[in-house]
Every structure is written in structure tokens, then in C-alpha cells.
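J.: Dropping the structure in here first, questions after.
Chains as they are written, first to last, in our numbering: chain A, 1 to 331; chain B, 332 to 585.
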């Protein structure tokens, strides 16, 4: 591992202030992705500002009936927190679908949002990668791209976002509270937090340099009874998603009052399927409706040479997740 | 400085130290360590010195190992002293910020029970228990462990008495080559605590309710998926964990 300074922040203000004083600094949470990337010589920070001990661990009710989950709370503590299990079982399920217990015990919520793609071409310095080295090209585009994106990609980058947790947060209309280098706080809608590659695939999200995630807030909803996270992968545990689907429904008898659908493993960011949601709103919960919604969700999908299977897989996963959610999910 | 090493190591190092190594062992300022080791490795045929290397590494390890705070043998200007409690004993170790907890344990504190498998968080061989939670020591910086309570495989038993989980792994042949075993056992011990706390997993069928304390085979498999066994001892590992969960091993060992 390259050398770097290790600095521990005392609070959020101290963290953003220390960050701005160092050149090429990075915030360190659980380190489960960042330390690995430093070992791989992909991230080359000169200083790590350890924020993992900041008093931002609280998981609590918000004034408007939602739940706020602290940025430094661990993934495993979040998945198991009574407020999350009771009100957002979708989030518990998605978190538990990711990584291993050891990693979930280390990983922070803020860090989960900031983990980087696991595209093999990003990890292999022998390959060209615009995300790793802007302007060099994308060898995944015409390479072994079976794990690559089918939605929202361009010729500059076909990487997918790796998080499960973020797929659930996208479906649940979460917001992200961040603190800037100037000490000011702002709130980012989850849909606007991560981004598509466009002309700058090196940027995974819309955070400004030096901004620190403080908390993630999930609004009050009536989705707890009918939600489901379905993850399809090469092996049944401890693998990244080929395709994943987060479904949250509010039911009125056999009719869907409103729906949320987000997809993982298919794009550079957690992918909200708004067109499918519109079709499902006030529709009868039956197979024909589900099939129509699935087709709508993937209508703009474009396959690369080796990943056409993802389009059909995503459609079937959506139908199955919808059925599971209608049947009462896992709440 | 060389004369401070235990004689058993000094005697076993039959091959003379290279100039680089002699300089490293005699100097307080070890800032050249990384570069010199690379030069040393580059100039020497690896096969011929493999056995010697191990002994030399032990010598290097001893140099950094100390129960008292280390003040004067900083590895580089970035070096820091980290204090942590390991298996009930307070330890203080001088490390650079880029040293992982795994390397600090194995190479600085000579606690080689914790194994380095992939070193990238994919295999679980390096699993240790930190403040009651199982974590990967290969992706934890030693600096992050400051003030924390660490349990390694060496700390599970009491003297010559094995931990019930260790006993059960033996009873059920929960290993073949044994390399992943320390990680498997640390993981399994923490797993049963998680189950007692009512924690859920991806295969739990009801998230809002407390799951049964006795885990099914599926639950055990899912919760152990972070520990890879290339020998494929998985069915025996599940049996070993079930026996401890059901209290048989504890009854047997008392």
C-alpha cells in the first residue's frame, strides 16, 4: 500500500476542515472498499480522514414521521435496527443481500453510497478505463461485458453501481444530508445523488469536493407491508448482483395504490423505473399488469455483446418481485 | 541491535544478513525499509533464501513487538503508536498508517493464528472479532483499531482448554488443510452471538419479527458465506456450528 497520513476527525466540522487542509485527501469510513482500492493502487490518497468514529450513528424518527439513519452507523446495525425492520423491511433486506456479515459489520452507511464500481476493467490497471483514468477509453465496451450496464450507459463508460442498499434507498425516495467544506449543510434527493457517466464517468455522484455525508433520511410511507428486494447473482450469497429489483407497493385491496421500483446491476446508478411505476399506479395487481410494467422499465435498454441476458432477466425479476411484494413480502 | 534478538533466531539464521538487512536491523531510523526490502528481493534468488526469509521476518517482527509504548524506532515519519487490547492483554505497537490490522497482528505482534488469504476482503481467512463483531482484519487499518478490543483465534480458548467451537470443528472434521479455519471459527463464534441478539439475515423469512435463536442449516450457510473454504469442508462446518448451537459441545467439554 502507498503511504498516506492518517488523521482522525473529532466531529463533522473538524472532518470537512481537515479534509480541505490536506491535498488529495479521502474520508475513511469502514474502509471495506477504499482500503482495497488503495491496495490495488487505484485510489492514491495522500491523507485519510477517519470519520468512522464520528457521533453520526444515530438511527431515529424524524419530525415528519420518517427515519434518519446516521452516516457512520454500520450497515449491519442499520439492517437490524427495530425502526428500519419495522418501517422499511425493504432496506433491511437489501442491506443483508450485500457482501458478508464481516463486511456489513465494518461498512458505514455513508461509505455504502460512495463505494465504487466493481467493473473488472476499472480494477485492472492494464486495461483502459475512463473512470480510473479519464480520457483513456473503455475496454469493457468491446470486452467481456457480461456484467456491464444495459441502461443509461454511453461509449465512455458501461460500469454498474454495485450497492444493494442504494437500490432500496432509491425506491424509498430517500434524501442525503451532506456538510460542505464551508460548514454549510444541504440535502440531495437520492435520485440526484448518483449520476450517469455522460462526459465525466470518473464522477460517480454529485457530491462537491470535500462534502461529507451526515445522514440519510427516508420519508414516512405505507410500503412496509408490501415490499421486496430480489437479487439475482452468479451464486446464492456473497456476490454482486447481475440484476436486482427493489419493489415497494401501497395496496388497496387487490389494487395497487402506488408503486416504487428501482433496479440494481443495470446502470451507472441505482435505476428508478418511473414509467413502470406510473403503469402500476391504480392498476389491478395481476400478471398482465406486472408484465407491462416490466416491459416499460426496460424499454430503453440497450445490450452490449455479452449482456443481452440482463434485459430479459431484469423483466422477469421485476415480475417476480412484484408478486412477492403483493403476497406480503418479508415484513 | 542484532545482539538483542533471541539466540534461537540468531543461531538459526545461518545465511549472513545482506548489507541491507544488517543496516535495517542496526538502525533506529528505518525509513528505508520498503525500498531496501525491494532492492534486497530484487537482487537475490528467492528460492534459495525462502527459509531464511522467514527467520529474518521473525527478527524484524521482534524489533517492532513491544508491550510498552514504542517511542524511538519509528518506521517512518508517518509512524504512530497504536494501543489496543488483544485477547485481554493491552498491546502497543508502532506502525505506519498503511499497515493493516492483519499485518500488525502477524508481522509486528507475531500472532500468526489469523491468516492472510486473499488480502482483499473476499475470503474471510483474516476474520477477527472487534468489540464483539466479526470483521476482516485485512481491510482494517491497524490505526483504526486504536483503543478497541480484539479477539483472535489465539484468544478463544482458555490456556490448554479449547473453545467449544474449536472442539466441535475437530469433532466434525470442519477442515482439511486448516488455512481458513481460524477465520471460520472466529466467524462461527460471532455468528452464534448475532443469533442470540436476534439479528436477521438475507434468508430470514420475517424481518419485522425476531428470528428463532436456533438457526436452520440455510441460515448458517448464508451467515457463513463470507468465509471461503477451498477444501470444501462446508457440510462439516455447518455440523460443527450446529453442535455448539445446540449446546452439545459445551456439555461434553465440562
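We put the beta carbon where it would ideally sit given N, CA and C, even for glycine.
This structure is a prediction, so every number in the text was calculated from the model and none was measured.
For a contact meaning CB atoms closer than 8 Å, what does residue 467 (chain B) contact in chain A?
T.: The count along the second chain starts at 1 and reaches residue 467 (chain B) at position 136. Simply 32, 102, 103, 106.
J.: Indicate whether residue 167 (chain A) and residue 229 (chain A) have their beta-carbon atoms separated by less than 9 Å.
T.: Start at 1 with the first residue of the first chain, and residue 167 (chain A) comes out as number 167. Start at 1 with the first residue of the first chain, and residue 229 (chain A) comes out as number 229. A contact, by the Cβ cut-off of 9 Å.
J.: At what residue ranges does the stretch 440-509 of chain B contain a whole run of the beta strand (DSSP E), taking only runs of 3 or more?
T.: If we require 3 residues or more, the beta strand (DSSP E) runs fully inside the stretch 440-509 of chain B come out as 458-461, 464-467, 480-482.
J.: Quick one: what does DSSP say residue 223 (chain A) is sitting in, helix, strand or coil?
T.: Taking the first chain and counting its residues from 1, the one referred to as residue 223 (chain A) is at position 223. Reduced to three states, the DSSP call for residue 223 (chain A) is coil.
J.: For residue 70 (chain A), does the count of other Cβ atoms within 10 angstroms reach 16, so buried, or fall short, so exposed?
T.: One-based indexing of the first chain puts residue 70 (chain A) at position 70. It counts as buried.
J.: Between which residues of its own chain and residue 362 (chain B) is the CB-CB distance below 6 Å, once the five residues before and five after are set aside?
T.: Stepping through the second chain from its first residue, residue 362 (chain B) is reached at position 31. Low confidence applies to residue 362 (chain B): its pLDDT is 45, below 50, so where it sits in the model is not reliable, and the reading given next is rough at best. Excluding residues within five positions, the ones whose Cβ falls inside 6 Å are 407.
J.: With 9 Å set as the bound, which would you pick, yes or no: does the beta-carbon of residue 50 (chain A) sit closer than that to a beta-carbon of chain B?
T.: Walking along the first chain from the start, residue 50 (chain A) turns up at place 50. Yes, because at least one Cβ of chain B sits closer than 9 Å to the Cβ of residue 50 (chain A).
J.: Any contact of the stretch 514-527 of chain B with the stretch 478-493 of chain B, i.e. 3+ C-beta pairs under 8 Å?
T.: With a cut-off of 8 Å, the stretch 478-493 of chain B and the stretch 514-527 of chain B count as touching, because enough Cβ pairs lie within range.
J.: Mapping the DSSP letters down to three states, classify residue 194 (chain A) as helix, strand or coil.
T.: Here residue 194 (chain A) is taken as the residue at index 194 of the first chain, counted from 1. Residue 194 (chain A): strand per DSSP, three-state reduction.
J.: Could you give the C-beta distance for residue 558 (chain B) and residue 412 (chain B), rounded to a whole number, given that I count them as a contact under 8 Å?
T.: As a first step, residue 558 (chain B) must be located in the second chain, where it is residue number 227. As a first step, residue 412 (chain B) must be located in the second chain, where it is residue number 81. The pair is not a contact, with the Cβ atoms about 32 Å apart (cut-off 8 Å).
J.: Of the residues that make up the stretch 416-445 of chain B, which ones have a beta carbon closer than 9 Å to any beta carbon in chain A?
T.: Taking 9 Å as the Cβ-Cβ cut-off against chain A, the residues of the stretch 416-445 of chain B that qualify are 427, 428, 429, 430, 431.
J.: So, under 8 Å CB-CB, residue 332 (chain A) and residue 429 (chain B) are touching, yes? Tell me the CB distance rounded to an integer number of Å.
T.: Outside the shown range of chain A, which is 1 to 331, sits residue 332 (chain A), and nothing can be said about it.
J.: If you draw a straight line from the C-alpha of residue 253 (chain A) to the C-alpha of residue 121 (chain A), how long is it?
T.: Locating residue 253 (chain A) in the first chain gives position 253, counting from the first residue. Locating residue 121 (chain A) in the first chain gives position 121, counting from the first residue. Their Cα atoms are separated by approximately 48 Å.
J.: By DSSP, does residue 371 (chain B) sit in helix, in strand, or in coil?
T.: Position 40 of the second chain, counted from the start, is the residue given in the question as residue 371 (chain B). Its pLDDT being 44, under 50, residue 371 (chain B) is placed unreliably in this model, and the coordinates cannot settle the point.
J.: Are residue 329 (chain A) and residue 89 (chain A) touching if we call contact CB-CB under 9 Å?
T.: Mapped onto the first chain, residue 329 (chain A) falls at position 329. Mapped onto the first chain, residue 89 (chain A) falls at position 89. Going by C-beta atoms, residue 329 (chain A) is nearer than 9 Å to residue 89 (chain A).
J.: Quick one: list the residues of chain C neighbouring residue 92 (chain A), beta-carbon separation under 8 Å, in chain order.
T.: Of the protein chains in the structure, A and B, none is chain C.
J.: Taking just the CA atoms, how far does residue 34 (chain A) sit from residue 477 (chain B)?
T.: Counting from 1 along the second chain, the entry for residue 477 (chain B) is found at position 146. Counting from 1 along the first chain, the entry for residue 34 (chain A) is found at position 34. Going from the Cα of residue 477 (chain B) to the Cα of residue 34 (chain A) covers about 19 Å.
J.: So, at 6 Å on beta carbons, what are the nonlocal neighbours of residue 240 (chain A) in its own chain, with the 5 sequence-adjacent residues on each side left out?
T.: Translated into positions along the first chain, residue 240 (chain A) becomes position 240. Once the five neighbours on either side are set aside, the close Cβ partners of residue 240 (chain A) are 118, 162.
J.: Our contact map puts residue 249 (chain A) next to residue 319 (chain A) with C-beta atoms below 8 Å; I'd like the distance itself, whole angstroms only.
T.: The residue you call residue 249 (chain A) lines up with position 249 of the first chain. The residue you call residue 319 (chain A) lines up with position 319 of the first chain. Between residue 319 (chain A) and residue 249 (chain A) the Cβ distance is about 13 Å, and since that is not below 8 Å, they are no contact.
J.: Which residues of chain B have a Cβ atom closer than 7 Å to the Cβ of residue 80 (chain A), listed in chain order?
T.: Along the first chain, one-based indexing puts residue 80 (chain A) at 80. Chain B residues near residue 80 (chain A): 530, 531.
J.: Does the Cβ of residue 468 (chain B) have 16 or more other Cβ atoms within 10 Å, making it buried, or fewer, making it exposed?
T.: Counted from its first residue, the second chain places residue 468 (chain B) at position 137. Classification of residue 468 (chain B): buried, given that the 10 Å Cβ count is 16 or more.
J.: Does the beta carbon of residue 86 (chain A) come closer than 9 Å to any beta carbon on chain B?
T.: Your numbering for residue 86 (chain A) matches position 86 in the first chain. Residue 86 (chain A) counts as touching chain B.
J.: To the nearest angstrom, how far is the alpha carbon of residue 574 (chain B) from that of residue 503 (chain B)?
T.: Within the second chain, residue 574 (chain B) is the residue found at index 243, counting from 1. Within the second chain, residue 503 (chain B) is the residue found at index 172, counting from 1. Whole-angstrom Cα-Cα distance: 9 Å.
J.: In three-state terms, what does DSSP make of residue 76 (chain A)?
T.: In the first chain, residue 76 (chain A) corresponds to position 76, counting from 1. Residue 76 (chain A): helix per DSSP, three-state reduction.
J.: What's the C-alpha gap between residue 53 (chain A) and residue 30 (chain A)?
T.: On the first chain, residue 53 (chain A) is found 53 positions in, with the first residue counted as 1. On the first chain, residue 30 (chain A) is found 30 positions in, with the first residue counted as 1. Computed Cα separation, rounded: 10 Å.
J.: So, for residue 434 (chain B): in the same chain, excluding its five sequence neighbours on each side, which residues have a beta-carbon less than 7 Å away from its beta-carbon?
T.: The residue given as residue 434 (chain B) occupies position 103 in the second chain. Taken in chain order, the list of residues that qualify is empty.
J.: Could you give the distance in angstroms between the alpha-carbon of residue 439 (chain B) and the alpha-carbon of residue 427 (chain B)?
T.: For the purposes of this step, residue 439 (chain B) is taken as the residue at position 108 of the second chain. For the purposes of this step, residue 427 (chain B) is taken as the residue at position 96 of the second chain. Answer to the nearest angstrom: the Cα atoms are 11 Å apart.
J.: Going straight from the alpha carbon of residue 5 (chain A) to that of residue 145 (chain A), what length do you get?
T.: The residue given as residue 5 (chain A) occupies position 5 in the first chain. The residue given as residue 145 (chain A) occupies position 145 in the first chain. Whole-angstrom Cα-Cα distance: 37 Å.
J.: Is residue 260 (chain A) helix, strand or coil when you go by DSSP?
T.: Your numbering for residue 260 (chain A) matches position 260 in the first chain. Residue 260 (chain A) falls in the strand class under three-state DSSP.
J.: Buried or exposed: where does residue 497 (chain B) fall if 16 or more other Cβ atoms within 10 Å of its Cβ makes it buried?
T.: Residue mapping note: residue 497 (chain B) aligns to position 166 of the second chain, counting from 1. Flag for residue 497 (chain B) reads buried.
J.: Under 9 Å between C-beta atoms, does residue 99 (chain A) make it to chain B?
T.: On the first chain, residue 99 (chain A) is found 99 positions in, with the first residue counted as 1. Output row for residue 99 (chain A): interface = yes.
J.: Which complete alpha helix (DSSP H) runs does the stretch 16-83 of chain A hold, if anything under 4 residues is left out?
T.: Counting only runs of 4 or more, we get 34-39, 75-80.
J.: Determine the DSSP secondary structure at residue 279 (chain A), reduced to helix, strand or coil.
T.: Looking up residue 279 (chain A) in the first chain gives position 279. It is helical.
J.: In or out: residue 208 (chain A) buried (at least 16 other Cβ within 10 Å) or exposed?
T.: For the purposes of this step, residue 208 (chain A) is taken as the residue at position 208 of the first chain. Under this definition residue 208 (chain A) is an exposed residue.
J.: Checking 9 Å against the spacing of the C-beta atoms, do residue 219 (chain A) and residue 259 (chain A) come in under that value?
T.: Counting from 1 along the first chain, the entry for residue 219 (chain A) is found at position 219. Counting from 1 along the first chain, the entry for residue 259 (chain A) is found at position 259. Result no, Cβ atoms of residue 219 (chain A) and residue 259 (chain A) do not sit closer than 9 Å.
J.: The stretch 538-557 of chain B: which residues have C-beta closer than 9 Å to a C-beta of chain A, in chain order?
T.: Of all residues in the stretch 538-557 of chain B, 538, 539, 540, 552, 553, 554, 555, 556, 557 have a Cβ within less than 9 Å of some Cβ in chain A.
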